[in-house]
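Heads up: the sequence shown begins at 59 in this note's numbering, then just goes up one per residue.
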Amino acid sequence: MMGSQLPNEDHDLSKAQTGKRKKKVVKRWREEWADTYKWAYDVKDGTARIFCSVCREYGRKHRRNPYGNEGSRNMQMSALEEHNNSLLHKEALRLQQASKEKIIVDKPIYVKGDFLLLIQPYVLNLLPVVLSGYAGNLLATSFVLSYLMKENEQGKGNQFLTYFFSDSTLSDVISEITLGLISTALMSKTAGSIVEAALRRDPHETEFIQSVQEVVHALERVISKNSNYVNIMERLLEPERTIIFRVPWVDDRGETHVNRGFRVHFNQTLGPCRGGLRFHPLMNLSIAKFLSFEQTWWLFGGSDFDPKGKSDNEIMKFCQSFMNELYRYLGPDKDLPSEEMGVGTREMGYLYGQYRRLAGYSQGSFTGPRVNWSGSSLRTEATGYGLVFFAQLMLADMNKELKGLRCAVSGSGKISMHVLEKLIAYGALPITVSDSKGYLVDEDGFDFMKISFLRDIKAQNRSLRDYSKTYARSKYYDEAKPWNERCDVAFPCASQNEIDQSDAINLVTGCRILVEGSNMPCTPEAVDVLRKANVLVAPSMAAGVGGVIAGELELKECNLNWSPEDFESKLQEAMKQTYQRALKAATDFGYQKESPEALVHGAAISAFLTIASGAAKIRVRAALPTQFSMGPPEVA
């Protein structure tokens with residue numbers, strides 16, 4: 059009998075343990091959700107909840123409330139993961155977290171900041187439901203106001219007003235809501251509508267959408283000041299010209315391959331477009347558009363061709379085939395290509411040679427390769443040097459300097475090497491470089507001899523690991539990033555989204571300044587971590603314009619071949635002006651100079667107003683109305 063009861067007892071015990079496990083899992087799931095969305099909480103003992111619009115939409119569509127306990131544990135965890143990864147929710151969450159005043163008042167009507175919370179009539183006057191201004195539901199707001207006024211005229215009480223506004227009259231409530239609507243709703247609605255339009259048009263171009271989200275967020279205050287800016291921004295999101303073409307080429311074994319080429323022209327308001335060419339196997343239209351958009355709406359291009367492991371003859375054949383299609387769009391008054399990832403002096407030489415055969419010799423059609431190819435003496439160094447000049451300007455405003463500071467640099471290409479050179483010249487201690495397989499750290503810091511050795515390693519297509527075999531105090535870490543190292547200044551110069559949330563958490567332990575050498579190096583989650591830790595960020599839109607400035611100087615100065623000292627002096631002065639313009643634009647629109655995102659907002663504002671002003675001056679009727687107010691004077 060005892061033996062026959064044991065299985066039942068074990069079953070009951072197992073069932074009880076399983077129940078406890080489920081409760082713990084559900085509790086942990088709720089805690090994780092609450093920790094992630096700290097701004098969403100219960101009001102009045104759980105009788106009402108404040109939801110973001112995305113969560114409400116999500117719950118209604120799937121008939122599951124992400125804050126409830128409906129469904130199995132697997133369903134809940136799956137729903138959580140799906141919801142967290144939705145682009146629309148990431149944008150709403152980023153905007154919410156980026157708010158400078160994220161305090162929900164005790165009697166919540168709206169949140170001061172990026173979001174306006176509107177009132178909706180609630181069933182039986184019991185449940186106040188607060189909607190996010192991200193939905194842009196202005197019609198619902200006017201309806202609610204008229205509804206409340208009608209109730210007041212009829213002498214009816216309202217439990218919502220009694221609870222939340224016991225010391226306020228209805229006119230005060232309406233006035234408060236209206237002021238919030240005017241000051242914040244237009245900002246959120248217009249910014250949200252621009253991003254939503256981009257999402258609808260190009261839902262699969264994730265890099266481009268991310269770039270649009272960041273730029274539009276930086277321009278919110280500008281857009282809210284003039285409704286005409288909305289139309290301009292919507293037009294700027296569509297390139298003037300997108301070129302996609304086939305690139306057939308033959309390898310050394312006689313086999314034919316076909317790659318895809320891209321060139322995106324975003325805006326020629328300020329003159330001929332200038333931008334890089336990237337040869338990389340992951341290159342696609344989304345990356346081409348995002349890089350073009352990030353470079354102040356100019357242009358970018360490239361191909362999904364991988365030059366690694368290819369012979370010189372194969373690279374030459376590919377470059378010639380690539381230029382056979384692209385040459386008709388190039389010229390000193392139209393499009394000037396320059397070097398980027400996977401495109402160096404060798405590739406530019408092949409491209410330029412084929413261009414001359416097809417179009418005839420044209421002075422100034424290419425920028426960057428060599429002095430005798432219509433490029434200035436320091437054109438290739440300009441971007442890397444400009445990053446260091448920009449960092450020095452930021453530190454000078456903090457009464458500090460680069461000398462003696464530990465600097466972490468990612469990448470090991472041209473920009474990274476030139477950043478190392480100039481950091482050493484300023485007396486800083488650069489300690490890291492990286493490649494696609496891992497990163498190298500040298501606790502003694504790099505010097506000019508070590509940089510020369512690194513260049514030899516890269517030229518021979520060897521791994522950075524070989525460096526540690528020569529220098530005992532260095533170490534190479536596989537499948538890791540340099541952001542694990544303690545540093546004072548960070549220079550991400552590798553690729554987009556190279557710094558994720560965990561990397562940012564590692565960085566903020568000591569890093570005070572981050573200078574973007576690559577376009578969009580931080581994920582949205584990483585940006586939030588850096589902002590909360592008050593890490594000053596120098597955006598690539600401002601800090602990375604050294605190469606563009608060099609191209610401008612070449613054209614304006616009729617391709618004069620300056621000495622390195624003269625060119626560097628002109629570059630320093632131009633970077634100083636860029637820095638000052640970005641700061642002025644930020645402060646003109648109410649951002650504090652010490653704010654970690656001041657330069658991010660200021661660079662985007664300055665670039666946008668410059669392009670808008672240029673369009674107004676040349677009377678681009680398709681882009682601007684005849685009567686147009688440019689906002690704060692002399693920002694551009």
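Just so it is clear, CB atoms sit at the ideal spot from N, CA and C, and this is done for glycine as well.
Since this is a predicted model, take the numbers as computed values, not measurements.
Distance CB(Thr636)-CB(Val658) smaller than 8 Å: no
Euclidean distance between Cα positions of Gly250 and Tyr649: 21 Å
Exposure label - Pro582; buried when at least 16 CB within 10 Å: buried
Cβ-based neighbour list, Ser470, same chain, cut-off 7 Å, excluding 5 preceding and 5 following: Val491, Ser492, Asp493, Leu512, Lys516, Leu522
Asp164 versus Glu655 - alpha carbon distance: For Asp164, the predicted model reports a pLDDT of 29, less than 50, meaning its position is unreliable and no value from the coordinates is stated.
Distance CB(Pro550)-CB(Glu543) smaller than 8 Å: no
Per DSSP, cross-strand counterpart(s) of Gly359: Arg321, Leu335
Short Cβ contact (8 Å threshold) for Ala608 with Ser576: no
Residues that DSSP places opposite Ala346 in a beta bridge: None; Ala346 has no bridge partner.
Cutoff 8 Å; reference Ala449; Cβ partners in own chain excluding five residues on either side: Leu460, Val547, Phe549, Ile571, Val573, Ala596, Ala601
Enclosing alpha helix (DSSP H) for Tyr484 [first to last residue]: First-last for Tyr484: undefined, no H or E at that position.
Nonlocal neighbours in the same chain, by C-beta distance under 6 Å from Asn519, ignoring five residues either side: none
First and last residue of the uninterrupted alpha helix (DSSP H) at Gly442: 440 to 455
Candidates Asn592, Ala632, Arg259, of which the one nearest Glu610 by Cα: Ala632
Simplified DSSP state of Phe351, which is helix, strand or coil: helix
Pro654 in three-state terms, based on DSSP: coil
Whole-angstrom distance between Gly605 and Gly389, CA atom to CA atom: 18 Å
Separation of Val280 from Met341, as counted between CA atoms: 33 Å
Leu277 versus Phe666 - alpha carbon distance: 8 Å
Euclidean distance between Cα positions of Ala591 and Gly312: 56 Å
Cβ shell of Gly400 (< 7 Å), same chain only, five flanking positions each side left out: Arg336, Phe337, His338, Pro365
Nearest neighbour of Glu405, chosen from Asp391, Gly360, Lys392 [CA to CA]: Gly360
Cβ pair Phe447, Leu478 closer than 8 Å: no
Alpha carbon of Val316 to alpha carbon of Pro306, nearest angstrom: 4 Å
Contact check, Leu481 vs Tyr534, beta carbons under 8 Å: no
Cβ-Cβ distance between Gly319 and Leu394 below 8 Å: no
Complete runs of the beta strand (DSSP E) confined to the region 593 to 638 [at least 3 residues]: 594 to 596
Start and end residues, beta strand (DSSP E) containing Cys465: 464 to 467
Neighbour-count burial assignment, Ala530, 16 or more Cβ in a 10 Å radius: exposed
Residue span of the alpha helix (DSSP H) that contains Val585, given as start and end: 582 to 590
Cα-Cα separation between Asp455 and Arg639, rounded to whole angstroms: 15 Å
Exposed unless 16 or more other CB atoms sit within 10 angstroms - verdict on Phe625: buried
Cutoff 7 Å; reference Thr645; Cβ partners in own chain excluding five residues on either side: Lys651
Tyr413 versus Asp391: straight-line alpha-carbon distance, rounded: 15 Å
Lys516: first and last residue of the uninterrupted alpha helix (DSSP H) it sits in: 506 to 517
Distance between Met507 and Leu445 (C-alpha atoms, nearest Å): 22 Å
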